[in-house]
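All remarks here apply to the structure that follows.
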Amino acid sequence: MAVQRQSRTIKSVFRLFVIVGLLVFAHAAYSAAQHRLYLRITEREFTGLPADIVVQIILAFLVICCGLVNIAGDFREIKASKELENKSWETFGNQPSFYTFTHRGRVLFSTVPELDDEADQED
Amino acid sequence: MASYRENLDEPAQLIQPLCSCWEDARDLLREWREENLRNSEQVVEVGDFLMQGGLAGKLGDEVWPAYEQIFLAALECGRLELAQVCYKQLRRQFPGSLRVAKLEAMRYEFLQKYDVAEQKYQKILEGDEANSAVHKRLIAIHKAQGKIPEAIKELNKYLERFMSDHEAWLELANLYIAEMEYGKAAFCLEELIMANPQCHLYHQRYAEVRYTQGGTENMELARKYFAQAAKLNPTSIRALFGLFLAASHLAAQQKGGGTKSSKSENKKYAAWAAKQIQERYEALGQREESQVKALTATLDSLELS
Chain L
6 MAVQRQSRTI KSVFRLFVIV GLLVFAHAAY SAAQHRLYLR ITEREFTGLP ADIVVQIILA
66 FLVICCGLVN IAGDFREIKA SKELENKSWE TFGNQPSFYT FTHRGRVLFS TVPELDDEAD
126 QED
Chain X
1382 MASYRENLDE PAQLIQPLCS CWEDARDLLR EWREENLRNS EQVVEVGDFL MQGGLAGKLG
1442 DEVWPAYEQI FLAALECGRL ELAQVCYKQL RRQFPGSLRV AKLEAMRYEF LQKYDVAEQK
1502 YQKILEGDEA NSAVHKRLIA IHKAQGKIPE AIKELNKYLE RFMSDHEAWL ELANLYIAEM
1562 EYGKAAFCLE ELIMANPQCH LYHQRYAEVR YTQGGTENME LARKYFAQAA KLNPTSIRAL
1622 FGLFLAASHL AAQQKGGGTK SSKSENKKYA AWAAKQIQER YEALGQREES QVKALTATLD
1682 SLELS
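Respectively, the protein sequence lines represent chains L and X.
Heads up: take any position in the first sequence, counting from 1, add 5, and you land on my numbering.
Heads up: take any position in the second sequence, counting from 1, add 1381, and you land on my numbering.
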């Protein structure tokens, strides 16, 4: 239980990361738009974004990445054979398309003694 | 509808029921469907539980695959009346469905009326020639009658058209093994390994076939493929035992013609596999000590032979 609760709080922290990151992102976008507007009003050539906006974008990107990676769930093993490791021949070698019915099953588990006659009439 | 348990001598209360509510039943059936497990006895028991309580309707849309599953399991267990219930429900829901028509033909197969079943299958194929499930049933009919060579012939024809069908390749390998044509079985398994190189089970199976064939060359192949299987899945005891047996066999065999270095190498492999097996058993815990001792004795005796 304690572990579960702990993981839940950790998850909410990372969710906060994502939200904050998105807000910073939005702020950076707004700032960039404002900057273009300012340039247009003062009739200057656009050469590039100011450094503080660029830094803001990079920071927001990193924070969002960090948050998303941690809340998206567990990673899968990179080894392709990992998922097959728990399989056994019992399930892997089973071929339902090729089942035949002439085996011990009908003798062991059947509840109706005279199968064949009854089934004929029922059709 | 009587439960099959009443046929057994054991008092019913000694056996724990598999499920007590329909949610459990649904989850069990779904798990078995996804796992591709052939536990028809249990499926029938869960099916009985659902039918007796009239709970099948609660499953919603999932009831249809469940009906199909229970139908197949009921046929396997000789429970025709349960199969009939499932079949009637399915036919009412999907009147024109070929998949349901296939089930009807399977019922005839169960009754060993293979001619009728075959006619029904051919009729389905007239409408839908690419219905691979029906083609496979036609092959299964041969198998059920014990005509393995015919089944092999038909299956080869089928595989010419449906080359990517893993299940069919595996079945062909099994049929060849039944006919003791190990070389051909090995070819089928090679095909499967090519399609699925990460699967330790195919490697292991291939190695087993080669081991059965015998001879130095095949034994070396078996050793290599057992080793690959053990590499892909280090927890596979069967692969480790296979590696141990193949390697110690080679070490003993090469007394005459084989070079000394390969002999000592094989001894090394066998010792490594034996150590791995022992470690796995010891990891199980202290209580298994007697088993570990028995295992050591077994490994020693196998090495000597």
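C-beta: ideal position from N, C-alpha, C; glycine also.
| Asked | Found |
| --- | --- |
| Coarse secondary structure for Gly1434(X), derived from DSSP in three states | coil |
| Rounded distance between the beta-carbons of Leu1551(X) and Ala1323(X), thought under 8 Å | Shown here, chain X extends from 1382 to 1686; a query on residue 1323(X) therefore has no answer. |
| Segment contact flag, the segment 72-88 of chain L with the segment 1401-1412 of chain X, C-beta cutoff 8 Å, min 3 pairs | no |
| Phe30(L) versus Thr47(L) - alpha carbon distance | 26 Å |
| DSSP-derived helix/strand/coil call for Ala1383(X) | Low per-residue confidence applies at Ala1383(X): pLDDT is 41, beneath 50, and the placement is therefore not dependable, though the value from the model is reported in the following sentence. Coil at Ala1383(X), not helix or strand. |
| is_contact[Ser1545(X), chain L] using C-beta, thresh 8 Å | no |
| Within-8 Å CB hit, Asn75(L) to chain X | no |
| Near-chain X residues of the segment 63-91 of chain L - C-beta to any C-beta below 7 Å | Ala85, Ser86, Leu89, Glu90 |
| Helix, strand or coil at Val1579(X) according to DSSP, with G and I counted as helix | Looking at the sequence provided, one finds Gln at residue 1579(X) rather than Val. Residue state, collapsed to three classes: coil. |
| Whole alpha helix (DSSP H) elements within the segment 16-103 of chain L, 4-residue minimum | 56-76, 94-97 |
| The segment 93-111 of chain L contacting the segment 1494-1510 of chain X, beta-carbon criterion three pairs below 8 Å | no |
| Contact between the segment 1618-1627 of chain X and the segment 1590-1604 of chain X (3+ Cβ pairs under 8 Å) | yes |
| Beta-carbon proximity check, Gln61(L) vs Ala38(L), cutoff 8 Å | no |
| First through last residue of the alpha helix (DSSP H) which encompasses Glu1416(X) | 1403-1416 |
| 7 Å Cβ cut-off: residues of chain L touching Ser1421(X) | Gly110 |
| Nearest to Lys1648(X) (by Cα), restricted to the options Ala1664(X), Leu1631(X), Ala1486(X), Arg1661(X) | Leu1631(X) |
| Cβ-based burial, Cys1580(X) [other Cβ within 10 Å; buried from 16] | buried |
| Segment contact flag, the segment 1538-1552 of chain X with the segment 49-60 of chain L, C-beta cutoff 8 Å, min 3 pairs | no |
| Near-chain L residues of the segment 1476-1490 of chain X - C-beta to any C-beta below 7 Å | Glu1490 |
| CB contact below 8 Å: Thr107(L) versus chain X | yes |
| For Asp1442(X), three-class secondary structure by DSSP | helix |
| Per-residue DSSP class, three states only, for Met1600(X) | helix |
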